[in-house]
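Colleague: Per the numbering used here: the sequence shown ends with 808, consecutive numbering throughout. Even for Gly, the Cβ is constructed at its ideal location relative to N, Cα and C. Note that this is a predicted model, so its numbers are computed, not measured. The structure under discussion is supplied below as structure tokens; questions concerning it will follow.
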Amino acid sequence: MSDEKNLVDSEATHFKVVSEFAAKILSLNTESDVLWYLTHNVVSKLGFEDVVVYIFDEERQVLEQKAAFGSKAGENYSVIEPIELKLGQGVVGKVAETRTTMIIDDTRLCKDYLVDDKKRLSELAVPLLDNDHLVGVIDSEHRESNYFTENHVKTLVAVASIAATKISQNRSLSKLQETVSKLEQSSKIQDALFEIAELIFETENMAEFYQQLHAKISNLTFAKNFFIALSTSDGKSFTIPYCVDEVDDVPDNETTIMIDNPPSITGYVLQTNEALLVYKDDIERKLKEKLIYVKGSLPEAWLGVPFGNDSLRGIVVVQSYDEQFAFTEKDKLLLTFVAKHIRNAIERMQARSELTNLALHDPLTQLPNRILFNDRLDRALIDLERRQCNIVALLFLDLDKFKFVNDKHGHFIGDQLLKTCAERLNRCVRESDTVCRQGGDEFVVLLVNIDNEQNIHDIASDIARAISEPIIIEDTELTISTSIGVTYCKPTHKNSRKNHGESKKKTPEKMFLEADEAMYQAKENGRNQVCFYQAKEGGDNFSSFDLDSEFKQALVEDQLYLVFQPIIDIQSGLVIGGESLIRWEHPKFGNMPPVSFLPELEKGNQIVALDEYVVWTSIQNLKAWHDKWPKHFRSLNVNVSGKGFNSESIMQILESTYHTFPEVLNYLTIELTERSIVANVAETQITMQKIREMGVKLALDDFGTGYSSLSYLHQFKFDVLKIDKSFISNHKADSGENIILEAIVNLANALGIKTTAEGIETAEQLLSMKALGCNSGQGYFLSRPVEKSVFVGILLDGLAVLNQQTDA
């Protein structure tokens, strides 16, 4: 059994060492980096006392000591008293000459053994070979005889192969760079570069610039099919501002997610930041292995070269559908050299375009002005009919009682308020949509390619909620609302029946009139409303969603239900519980996300009724699960508002459960936000004490987003601290967020509070939280919110089920 365990441990060590080295070596750029990482971070993990790496000098036909671990390793990555060996000299020379591995169990019996710094009894030497081409030798020694095992040999041979390949690649790259330098002397390239630089003076706009750039590239290589893609500012997607393709019709400025699984072939090159030349067979193989996907038709040859840095990143691509033509490495080298000049030209052209944009944007808010907005609306309506694509919507917004705020607090405060509202509006819409300051306190929003009316309503509601959030300017807290009028139109072929805002064909002027009229109706309805223009003969032309009455009806008709997001022990991977999340299946609007109704409910007393429903339903589920599966029982978190937490009705539900089924409350955790706590500190402290006495645990939700997060950890006693997802999503190992996260976790540990990381969406984030010592986590990478039956299955399994597809 001991031998079996040693074998397993040895195999595990082999796999870990080789896989870690294979992953790390991608980021090692120089030969020296590879060698010293090999000695200090790879071979040393195998327990070897002494390691020396020899590199073969082909010109001099000698082996030189270039890196070491142990007694031969000096300061600042140097080898102490390095020696040279000829081919055939000593064990190392024999290995280099024969290109075979040698293992010496007892050096006293080996005539070829040479003493370098110290005499040792075991030696293992492995050649560094790249396709049988000698790169060098890894030589390891140990003071004990018979020390090296077959697994040592297996591991070192694998590591040597990886290292040799990387070193050869680096050397090849150096030769390629020399070739590129020679290509720079070519008059043809120099002429093209000069012409590309001149384009910024010879073209009127970006469209013409890209057309002329395409022509210049065509003078250098086959570019019948050509496109430019640029990374978005957040680095998560890319757009294609220019494309000419003889087979496929690519929409203008189409946006594609870059970080996808798998990525598109263009996204793949942008992520790796390395030029890629592939042929149809290569592409088909990568597609089969699900390494990439390809939009549209498969080319016979595809060549993409990335360019730029963080300020401007992109890719230039040429492809061929002709079986008689295929790009070569020469084309790849040429385009790689030209790409950096393309980047400079694009950046300068964009700078010129930005100056032009100043004439088309509002100077205060930097939003598009009426001239630009009208142009985009015209284009959207033309595209609507030409492409027959979904819906175009127009939202007309007027800030309620803005004049009062402006008169009371002055124009500076008023201007800052307008700028803040503009920022919030932009956050509520997509990049393809347009927000415009119409003038004064009026804004208009253009929504394009919308799927249905509910999506329009959701966006309008998001805007209304965002605007109504308190705004602090110069220590002055302001609250303002907005009245929103909405109209929209669909392609004429879809107008088979009358719907809100539809007509056979609408002009921009008609849409403005309808949206403006709807906005004034929203004001007449009491302000802070969203009203849709509705053309009906002899009747009211408006519809407004009455949340209060709709919610009461939802409670009566069982339109509400819970879904559950598993919470995972980060260190073990086991499911330790879940969080109850509310959903509303509306008979007219379908499945309404919480963001579409929670903020409005929180403004009134209906939020308490919602809290009652969530707490009561969660407790009923806990009772049922405890009865059926006591061995698989897990805790359940529920979100409760500040009003609900301090309400008599919630306390009655908890007390009733405590008297009839007290053990259930030991598995209930109530989550409170910092905002709900600050509303009534004294009353909340009293309620917390009562609830804790019944065995209920308390969690501080969205930690870090509130008023004075750290003070609450001392002021209130929490069992769990839930770190807001904004810290997790922005987390980088060397960033300020990392320092903050470390401080949060350490402080929580010192206070005896467990930590939960919210919004874990990638494997890297999960590993980072694990390294920081965070106790538990939840997020889409671990599992999306799931229906009750799926959640019960997860509880019974007890294991983390990653990436549950149900998005309930």
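Is it buried or exposed for residue 59, if we count other Cβ within 10 angstroms and need 16 for buried?
Modeller: Walking along the sequence shown from the start, residue 59 turns up at place 59. That one is exposed.
Colleague: Within 8 Å, do at least three Cβ pairs link the stretch 582-600 to the stretch 555-569?
Modeller: Flag = yes, the stretch 555-569 and the stretch 582-600 touch.
Colleague: I need the straight-line Cα distance from residue 163 to residue 38, nearest angstrom please.
Modeller: On the sequence shown, position 163 is the one that residue 163 refers to. On the sequence shown, position 38 is the one that residue 38 refers to. Roughly 8 Å separates the two Cα atoms.
Colleague: Quick check on DSSP: helix, strand or coil for residue 486?
Modeller: The sequence position of residue 486 within the sequence shown is 486, counting from 1. Here residue 486 sits in strand by DSSP.
Colleague: Indicate whether residue 820 and residue 91 have their beta-carbon atoms separated by less than 7 Å.
Modeller: There is simply no residue 820 to check, as the chain begins at 1 and stops at 808 in what is shown.
Colleague: With H, G and I counted as helix, E and B as strand and the rest as coil, what does DSSP make of residue 553?
Modeller: Here residue 553 refers to the residue found at position 553 when the sequence shown is read from its first residue. Of the three classes helix, strand and coil, the one that applies to residue 553 here is helix, per DSSP.
Colleague: Round the Cβ separation of residue 265 and residue 250 to the nearest angstrom and send it over; I've been treating them as touching at under 8 Å.
Modeller: As a position in the sequence shown, residue 265 is number 265, starting the count at 1. As a position in the sequence shown, residue 250 is number 250, starting the count at 1. Contact doesn't hold; Cβ gap of about 14 Å is too wide.
Colleague: For residue 707, which residues from the same chain have a beta carbon less than 8 Å from its beta carbon, with the 5 sequence-adjacent residues on both sides left out?
Modeller: For the purposes of this step, residue 707 is taken as the residue at position 707 of the sequence shown. Summary for residue 707: the model assigns pLDDT 44, below 50, so the residue's position carries little reliability; its value from the coordinates is reported in the next sentence. Result list for residue 707: 674, 675 and 678, in chain order.
Colleague: Taking the Cβ atom as the reference point for each residue, do residue 238 and residue 256 lie within a distance shorter than 7 Å?
Modeller: Taking the sequence shown and counting its residues from 1, the one referred to as residue 238 is at position 238. Taking the sequence shown and counting its residues from 1, the one referred to as residue 256 is at position 256. Yes, the pair counts as a contact, with Cβ atoms nearer than the cut-off.
Colleague: Could you check the C-alpha separation between residue 556 and residue 608 for me, to the nearest Å?
Modeller: Sequence index remark: in the sequence shown, residue 556 carries index 556 (1-based). Sequence index remark: in the sequence shown, residue 608 carries index 608 (1-based). If you take the alpha carbons of residue 556 and residue 608, they lie about 15 Å apart.
Colleague: What residue ranges within the stretch 239-271 form continuous beta strand (DSSP E) runs of no fewer than 3 residues, ordered along the chain?
Modeller: Complete beta strand (DSSP E) runs here, min 3: 254-257.
Colleague: Cα-Cα, which of 668, 478, 642 and 436 is closest to residue 685?
Modeller: On the sequence shown, residue 685 is found 685 positions in, with the first residue counted as 1. It is 642 whose Cα lies nearest to the Cα of residue 685.
Colleague: Could you give the distance in angstroms between the alpha-carbon of residue 61 and the alpha-carbon of residue 97?
Modeller: If you number the sequence shown from 1, residue 61 lands on position 61. If you number the sequence shown from 1, residue 97 lands on position 97. C-alpha separation (whole angstroms): 11 Å.
Colleague: Can you check which of these residues, 54, 396 and 422, is closest to residue 445 by C-alpha distance?
Modeller: Residue numbering aside, residue 445 sits at position 445 when the sequence shown is read from its first letter. Selected option, being the one with the closest Cα: 396.
Colleague: Identify the continuous beta strand (DSSP E) that holds residue 319 and give its terminal residues.
Modeller: Residue 319 sits at position 319 when you count from the first residue of the sequence shown. Here the beta strand (DSSP E) through residue 319 covers 313-320.
Colleague: In this structure, does DSSP put residue 112 in helix, strand or coil?
Modeller: As a working mapping, residue 112 is identified with position 112 in the sequence shown. Three-state result, residue 112: coil.
Colleague: Of all the alpha helix (DSSP H) runs that stay within the bounds of the stretch 21-61, which reach a length of 4 or more residues?
Modeller: Fully enclosed alpha helix (DSSP H) runs of 4 or longer: 31-37.
Colleague: With respect to the alpha helix (DSSP H) encompassing residue 217, which residues constitute its N-terminal and C-terminal limits?
Modeller: As a working mapping, residue 217 is identified with position 217 in the sequence shown. Per DSSP, residue 217 belongs to the alpha helix (DSSP H) from 206-218.
Colleague: Do residue 699 and residue 669 count as a contact pair if the criterion is CB distance below 7 Å?
Modeller: By 1-based counting over the sequence shown, the position of residue 669 is 669. By 1-based counting over the sequence shown, the position of residue 699 is 699. In this structure, residue 699 lies closer than 7 Å to residue 669 by Cβ.
Colleague: How many Å lie between residue 411 and residue 516 at the Cα?
Modeller: Walking along the sequence shown from the start, residue 411 turns up at place 411. Walking along the sequence shown from the start, residue 516 turns up at place 516. Whole-angstrom Cα-Cα distance: 25 Å.
Colleague: Roughly how many whole angstroms lie between the Cα atoms of residue 613 and residue 695?
Modeller: Numbered from 1 along the sequence shown, position 613 holds the residue referred to as residue 613. Numbered from 1 along the sequence shown, position 695 holds the residue referred to as residue 695. If you take the alpha carbons of residue 613 and residue 695, they lie about 20 Å apart.
Colleague: Hey, is the stretch 401-420 in contact with the stretch 463-482, meaning 3+ C-beta pairs nearer than 8 Å?
Modeller: Yes, the stretch 401-420 is in contact with the stretch 463-482.
Colleague: Which residue or residues does DSSP assign as beta-bridge partners of residue 83?
Modeller: Within the sequence shown, the letter at position 83 stands for residue 83. In DSSP, residue 83 forms no bridge with anything.
Colleague: Is the distance from the Cβ of residue 140 to the Cβ of residue 124 below 7 Å?
Modeller: Reading the sequence shown from its first residue, position 140 is the one you call residue 140. Reading the sequence shown from its first residue, position 124 is the one you call residue 124. Yes; because the gap between Cβ atoms is below 7 Å, this pair is in contact.
Colleague: Specify, as a first and last residue, the run of the beta strand (DSSP E) that residue 437 falls within.
Modeller: Residue numbering aside, residue 437 sits at position 437 when the sequence shown is read from its first letter. 434-439 is the extent of the beta strand (DSSP E) around residue 437.
Colleague: Do you know how far the Cα of residue 426 is from the Cα of residue 718?
Modeller: For the purposes of this step, residue 718 is taken as the residue at position 718 of the sequence shown. For the purposes of this step, residue 426 is taken as the residue at position 426 of the sequence shown. Distance between the alpha carbons of residue 718 and residue 426 is about 37 Å.
Colleague: Please confirm if the stretch 23-43 is in contact with the stretch 62-80, defined as three or more CB-CB distances below 8 Å between the two stretches.
Modeller: At 8 Å Cβ cutoff, the stretches touch.
Colleague: Note down the Cα distance separating residue 13 from residue 571, rounded to an integer number of angstroms.
Modeller: The residue given as residue 13 occupies position 13 in the sequence shown. The residue given as residue 571 occupies position 571 in the sequence shown. Those two C-alpha atoms are separated by around 21 Å.
Colleague: Pick out the complete beta strand (DSSP E) segments inside the stretch 615-690, 3 residues or longer, and give them in chain order.
Modeller: With a minimum length of 3 residues, the continuous beta strand (DSSP E) runs that stay inside the stretch 615-690 are 635-639 and 668-673.
Colleague: Are the beta-carbon atoms of residue 394 and residue 511 separated by less than 7 Å?
Modeller: Position 394 of the sequence shown, counted from the first residue, corresponds to residue 394. Position 511 of the sequence shown, counted from the first residue, corresponds to residue 511. Contact: yes.
Colleague: Taking the alpha carbon of residue 430 as the point to measure from, which residue in 442, 438, 408 and 456 has its own alpha carbon closest?
Modeller: Locating residue 430 in the sequence shown gives position 430, counting from the first residue. Taking only the C-alpha atoms, the option nearest residue 430 is 456.
Colleague: Using the Cα positions of residue 2 and residue 11, report the straight-line distance between them to the nearest angstrom.
Modeller: Within the sequence shown, the letter at position 2 stands for residue 2. Within the sequence shown, the letter at position 11 stands for residue 11. Interpretation of residue 2 is limited by its pLDDT of 44, a score under 50 that renders its predicted location unreliable; no figure is taken from the coordinates.
Colleague: Does the pairing of the stretch 283-298 with the stretch 199-206 give three or more beta-carbon distances under 8 Å?
Modeller: As far as the Cβ criterion goes, the stretch 283-298 does not touch the stretch 199-206, which means the pair count is below three.
Colleague: Under 7 Å, do residue 450 and residue 428 count as touching if we go by C-beta distance?
Modeller: Locating residue 450 in the sequence shown gives position 450, where the first residue counts as 1. Locating residue 428 in the sequence shown gives position 428, where the first residue counts as 1. Their beta carbons are not under 7 Å apart, which means residue 450 does not touch residue 428 by this criterion.
Colleague: Can you tell which of 174, 41, 727 and 135 has its C-alpha closest to the C-alpha of residue 774?
Modeller: Locating residue 774 in the sequence shown gives position 774, where the first residue counts as 1. For the residues 174, 41, 727 and 135, the minimum Cα distance to residue 774 belongs to 727.
Colleague: Would you identify the three-state DSSP class for residue 790, choosing helix, strand or coil?
Modeller: Walking along the sequence shown from the start, residue 790 turns up at place 790. Residue 790 falls in the helix class under three-state DSSP.
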